[in-house]
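**Q** Protein chains in written order, with my numbering: chain L, 1 to 298; chain A, 1001 to 1264.
Here you go, one structure.
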């Protein structure tokens, strides 16, 4: 009667003894032309729809504005009027008679300065508010009120304080873009999982190490959300501020064109403002992706 | 024999507003060096709170924890914790996660090259050296827990605290990891305190099983010695009478005498 039992054992043992044959598959690579064709198709799917929409809108604009007595120029006229500005953005005839490149770069420099300051101060204040309950209770109501003040409302005050256009413009950028950075950073810090804090406690990180190794990486996705909103707001603010302050800058270029009734130049400048704003947003988004290594959202 | 880790009259009361809840009452326990002790009980009985008190992450209301006759009341690498949900930092690689603790603990005593070798040594212990450059999101749950164990081991803790370390894993992976922890305990002789709610796991791994009564005011109901010789083999134990008796004792405690009343 023992025999069947042994037999079962043998049967159980046997599959392990015989190694399963390994089937080697040579991966079949699709031909190169096929890969290119697929890439082209994928690009076309993304690029063609916006191009079609733009073409249609331009057509409508052309048709609406072409008739005589129209207040705004049609695209064909815009192009004709601003051809020189488009083709030569680098001329410099002194004063404010410069190519668009110089106007844009002057505006971008102001944004770079004001935005950098607000990023540094915003993250620092956000960490404070996120980390300390008392700082939050004290500062948060203040922030909630101050952040609703429109950028240009700050301008007279800052002109009074700085007595100069340049620092005033930078201050307006700073004060406009700092609020979303503070608020998002604070939320990010408050949302650091208790687990990470426990790990830091067990490893006995000191506050500085905790800040650099846990707090900033853990809050990075939130911080970058704030930074992205901030860069958009600062670009909004600069154009408005420059209109009032004057000097070289894309904002004043628009104002100057309006005063000289060069409507086509205004339209061209708006294109550039939009494209630069878009690029700025993408740069910060890309930076965020690199810094958080795409893993922060786990 | 002198106690290595001693829990001395630990009470824990949580106070929220006017309401107070007594979670733990009169917890006394001594653990010897090299011992593997499990704490088992129904959910909500305060086992995790107890582990947090030992780890120093929470403070006891009264009473205290003595490790080698010194009171501990703040967290530290001498009581490294393996957390239930691995708690690896997602922005660091497997290697960097382990290195974080090693760099702090051995900042003065080991050179840079030695620390690097030590990290790799510990990853090898849990068979994770092959994935050292991966990020936690790129490895499986069982692998994450292995890295969590390596991180804790690499700090050379006096007591290794395991907080339901296998709770979130599927049964097969769990068994595999239990074997790994058993082998590590055999090899390194760590003192281990494990929180679990799995009876088989407790009997298989432990020298002693501490059974907790239901909260509030949970206390130690019974302590069971598991007199099984090591190394233990999962398959051989399945029919071992001592194993089955121990298992029976724990089951009786949990399901007859201290049934979880709130369980639906």
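Glycine included, every Cβ here is placed at the ideal spot set by N, Cα and C.
Strictly below 9 Å CB to CB, what residues from chain A border residue 196(L)?
**A** As a first step, residue 196(L) must be located in the first chain, where it is residue number 196. The answer, in chain order, is 1087, 1089.
**Q** What are the residues in the stretch 1095-1108 of chain A lying within 7 Å of chain L by C-beta distance?
**A** Within the stretch 1095-1108 of chain A, the residues whose Cβ lies closer than 7 Å to some Cβ of chain L are 1100, 1101, 1104, listed in chain order.
**Q** Where are the beta strand (DSSP E) runs, 3 residues long or more, that stay fully inside the stretch 1214-1249 of chain A, in chain order?
**A** 1220-1225
**Q** Per DSSP, what are the beta-bridge partners of residue 1071(A) in this structure?
**A** The residue given as residue 1071(A) occupies position 71 in the second chain. Note: residue 1071(A) sits in a beta bridge opposite 1066(A).
**Q** Under a Cβ-count criterion, where at least 16 other Cβ atoms within 10 Å of its own Cβ denotes burial, should residue 14(L) be classed as buried or exposed?
**A** Taking the first chain and counting its residues from 1, the one referred to as residue 14(L) is at position 14. Because residue 14(L) carries a pLDDT of 46, less than 50, the predicted location of this residue cannot be relied on, and the following value inherits that uncertainty. It is exposed - the Cβ of residue 14(L) has fewer than 16 other Cβ atoms within 10 Å.
**Q** Rounded to a whole number of angstroms, what is the C-alpha to C-alpha distance between residue 1219(A) and residue 1024(A)?
**A** Translated into the one-based positions of the second chain, residue 1219(A) becomes position 219. Translated into the one-based positions of the second chain, residue 1024(A) becomes position 24. The alpha-carbon separation between residue 1219(A) and residue 1024(A) amounts to approximately 6 Å.
**Q** Tell me whether residue 33(L) is buried or exposed, calling it buried when 16 or more other Cβ atoms sit within 10 Å of its Cβ.
**A** As a working note, residue 33(L) is residue 33 in the first chain. Flag for residue 33(L) reads exposed.
**Q** Could you check whether the Cβ of residue 219(L) sits closer than 8 Å to any Cβ belonging to chain A?
**A** Against the first chain, residue 219(L) aligns to sequence position 219. Cβ-Cβ to chain A under 8 Å: no for residue 219(L).
**Q** Comparing C-alpha positions only, which one of 247(L), 282(L), 291(L) sits nearest to residue 102(L)?
**A** Taking the first residue of the first chain as 1, we reach residue 102(L) at position 102. Residue 102(L) has its Cα closest to that of 247(L), out of 247(L), 282(L), 291(L).
**Q** For a contact defined as C-beta to C-beta under 9 Å, what are the partners of residue 1150(A) on chain L?
**A** For this step, residue 1150(A) is matched to residue 150 along the second chain. Those do not exist, as residue 1150(A) stays about 14 Å from chain L at its closest Cβ, beyond 9 Å.
**Q** Would residue 293(L) pass as an interface residue toward chain A - the criterion being a Cβ-Cβ separation below 8 Å?
**A** On the first chain, position 293 is the one that residue 293(L) refers to. Yes, its Cβ sits closer than 8 Å to a Cβ of chain A.
**Q** In its own chain, which residues sit with a C-beta less than 6 Å from the C-beta of residue 233(L), not counting the 5 before and 5 after it?
**A** For the purposes of this step, residue 233(L) is taken as the residue at position 233 of the first chain. Same-chain partners within the cutoff: 176, 177.
**Q** Is the stretch 1190-1198 of chain A touching the stretch 1042-1052 of chain A, taking contact as three or more C-beta pairs under 8 Å?
**A** yes
**Q** Could you have a look at residue 259(L) and say whether DSSP puts it in helix, strand or coil?
**A** To locate residue 259(L), count along the first chain from 1; it is residue 259. Note: residue 259(L) maps to helix in three-state DSSP.
**Q** Just to confirm, is the Cβ distance from residue 304(L) to residue 181(L) under 8 Å?
**A** Only positions 1 to 298 of chain L appear in the structure, and residue 304(L) is not among them; the question remains open.
**Q** List, in order along the chain, the chain L residues whose C-beta lies closer than 8 Å to that of residue 1216(A)?
**A** The residue labelled residue 1216(A) in the question sits at position 216 within the second chain. Chain L residues near residue 1216(A): none, gap ~23 Å exceeds 8 Å.
**Q** Name the chain L residues whose beta carbon is nearer than 9 Å to that of residue 1165(A)?
**A** In the second chain, residue 1165(A) corresponds to position 165, counting from 1. The contacting residues do not exist; residue 1165(A) stays about 14 Å from chain L at best.
**Q** Roughly how many angstroms separate the alpha carbons of residue 69(L) and residue 259(L), rounded to a whole number?
**A** Taking the first residue of the first chain as 1, we reach residue 69(L) at position 69. Taking the first residue of the first chain as 1, we reach residue 259(L) at position 259. C-alpha separation (whole angstroms): 20 Å.
**Q** Confirm, please, whether the CB-CB distance from residue 1161(A) to residue 1145(A) is below 8 Å.
**A** Residue 1145(A) sits at position 145 when you count from the first residue of the second chain. Residue 1161(A) sits at position 161 when you count from the first residue of the second chain. It is not a contact, given that the beta carbons lie outside the stated cut-off.
**Q** Is it the case that the Cβ atoms of residue 186(L) and residue 126(L) are separated by a distance below 8 Å?
**A** As a working mapping, residue 186(L) is identified with position 186 in the first chain. As a working mapping, residue 126(L) is identified with position 126 in the first chain. Taking 8 Å as the Cβ cut-off, residue 186(L) and residue 126(L) qualify as a contacting pair.
**Q** Rounding to the nearest angstrom, what Cα-Cα distance links residue 1073(A) and residue 1082(A) in this structure?
**A** Counted from its first residue, the second chain places residue 1073(A) at position 73. Counted from its first residue, the second chain places residue 1082(A) at position 82. So the two alpha carbons sit approximately 19 Å from each other.
**Q** Can you list the residues of chain L that residue 1041(A) reaches, using a CB-CB cut of under 8 Å?
**A** Numbered from 1 along the second chain, position 41 holds the residue referred to as residue 1041(A). Correct list: empty, because the minimum Cβ distance to chain L is about 21 Å.
**Q** Identify every run of the alpha helix (DSSP H) within the stretch 193-254 of chain L, keeping only runs that are complete inside it and at least 4 residues long; order them along the chain.
**A** 194-203, 216-245
**Q** Assign residue 1103(A) to one of three DSSP states: helix, strand, or coil.
**A** Residue mapping note: residue 1103(A) aligns to position 103 of the second chain, counting from 1. Three-state result, residue 1103(A): helix.
**Q** Return yes when the Cβ of residue 82(L) is within less than 8 Å of the Cβ of residue 264(L), no when it is not.
**A** Mapped onto the first chain, residue 264(L) falls at position 264. Mapped onto the first chain, residue 82(L) falls at position 82. Against a cut-off of 8 Å, the Cβ pair of residue 82(L) and residue 264(L) comes out as a contact.
**Q** Between which residues of its own chain and residue 104(L) is the CB-CB distance below 7 Å, once the five residues before and five after are set aside?
**A** Within the first chain, residue 104(L) is the residue found at index 104, counting from 1. Excluding sequence neighbours, residue 104(L) sits near 250, 272, 276.
**Q** DSSP state of residue 1194(A), grouped into three classes?
**A** The sequence position of residue 1194(A) within the second chain is 194, counting from 1. Secondary structure of residue 1194(A) (DSSP, three-state): strand.
**Q** Note down, one range per segment and in chain order, each beta strand (DSSP E) of at least 3 residues found wholly within the stretch 1005-1031 of chain A.
**A** 1005-1016, 1019-1031
**Q** Measuring CB to CB, does residue 217(L) end up less than 8 Å from residue 1091(A)?
**A** In the first chain, the residue the question calls residue 217(L) occupies position 217. In the second chain, the residue the question calls residue 1091(A) occupies position 91. In contact: residue 217(L) and residue 1091(A) (Cβ atoms closer than 8 Å).
**Q** Please list the residues of the stretch 1054-1084 of chain A that have a C-beta atom closer than 7 Å to any C-beta atom in chain L, keeping them in chain order.
**A** Contact annotation: in the stretch 1054-1084 of chain A, residues whose CB is within less than 7 Å of a CB in chain L are 1055, 1057, 1075, 1076, 1077, 1080, 1081, 1083.
**Q** Sorted by chain position, which residues of the same chain lie with C-beta nearer than 7 Å to residue 1264(A)'s C-beta, five sequence neighbours on each side aside?
**A** Translated into positions along the second chain, residue 1264(A) becomes position 264. At residue 1264(A), the pLDDT of 42 sits below 50, so the modelled position is not reliable and the matter cannot be decided from this model.
**Q** Taking 6 Å as the limit between beta carbons, can you name the residues of its chain near residue 267(L), skipping five residues before and five after?
**A** Looking up residue 267(L) in the first chain gives position 267. Closer than 6 Å at the Cβ level, and outside the excluded window around residue 267(L), lie 78.
**Q** CB residue 1037(A) to CB residue 1207(A), shorter than 8 Å?
**A** As a position in the second chain, residue 1037(A) is number 37, starting the count at 1. As a position in the second chain, residue 1207(A) is number 207, starting the count at 1. Closer than 8 Å, so yes.
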